[in-house]
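In this note's numbering, the protein residues as written are 8 to 180.
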């Protein structure tokens, strides 16, 4: 087989492989947009009473969104006692152009009473569930919760005993 014929066949094989690869990605609906949320984000969270009245001051949380639509999150919310709240685990989904939804749940490991220093409403052993809509509004490095994230607390029987809302913004740098 001549050298030119082998080069030609090699070129055809490479082009065919690229066409199949690109075609498969296009058919699956894959785009960079699908991955803009993937990564670790340091966010500033502000709790509120769902009518806009602020609850406490802002605090930081880390949210990591992985390929496969899973997530983990952790918080520095000063309302929790040291070791009281575990890491949150959850999932996320694409909801449209630059829009996503996410839901996570974390264990509240033990009960604490309300305190004034530091200010805390007290929490029952059970779970905290956070449901949020995320929207990129200012390019790929900034997102905000669309409206308010819903925060719900339930005791070990699953009975909801408190809810609040929250907003979150900022990219991990």
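No residue lacks a Cβ here, since even glycine has one placed at the ideal position from N, Cα and C.
Close Cβ partners of residue i (< 8 Å) along its chain, the five nearest in sequence each way excluded
i           : result
residue 55  : 61, 62, 155, 171, 172, 173, 174
residue 167 : 159, 160, 161
residue 127 : 85, 86, 87, 88, 119, 121
residue 74  : 42, 45
residue 67  : 49, 50, 51, 52, 82, 83
residue 71  : 46, 47, 48, 78, 79, 80
Within 8 Å, strictly: CB atoms of residue i and residue j
i           : j           : result
residue 47  : residue 69  : yes
residue 108 : residue 78  : no
residue 140 : residue 153 : yes
residue 133 : residue 161 : yes
residue 176 : residue 138 : no
residue 82  : residue 65  : no
residue 142 : residue 151 : yes
One or two residues paired with residue i in a DSSP bridge
i           : result
residue 172 : 55, 157
residue 93  : DSSP, once it has assigned bridges, lists no residue as partnering residue 93.
residue 61  : 55
residue 103 : 106
residue 46  : 72
residue 66  : 52
residue 133 : 115, 162
residue 126 : 123
residue 87  : Residue 87 pairs with nothing; no bridge assigned.
Buried or exposed by the 16-neighbour rule on C-beta atoms within 10 Å, applied to residue i
i           : result
residue 146 : exposed
residue 130 : buried
residue 86  : buried
residue 164 : exposed
residue 144 : exposed
residue 80  : buried
residue 24  : With a pLDDT of 49 at residue 24, under the threshold of 50, the modelled position of that residue is not reliable, and no figure is offered here.
Residues of its chain near residue i, where Cβ-Cβ distance is below 6 Å and the 5 sequence neighbours each way are ignored
i           : result
residue 157 : 138
residue 106 : 142
residue 43  : 147
residue 53  : 65, 174
residue 169 : 160
Residues of its chain near residue i, where Cβ-Cβ distance is below 7 Å and the 5 sequence neighbours each way are ignored
i          : result
residue 76 : 98, 99, 100
residue 91 : 115, 116, 117, 119, 130
residue 93 : 113, 114, 116
residue 96 : 79, 111, 112
residue 58 : none
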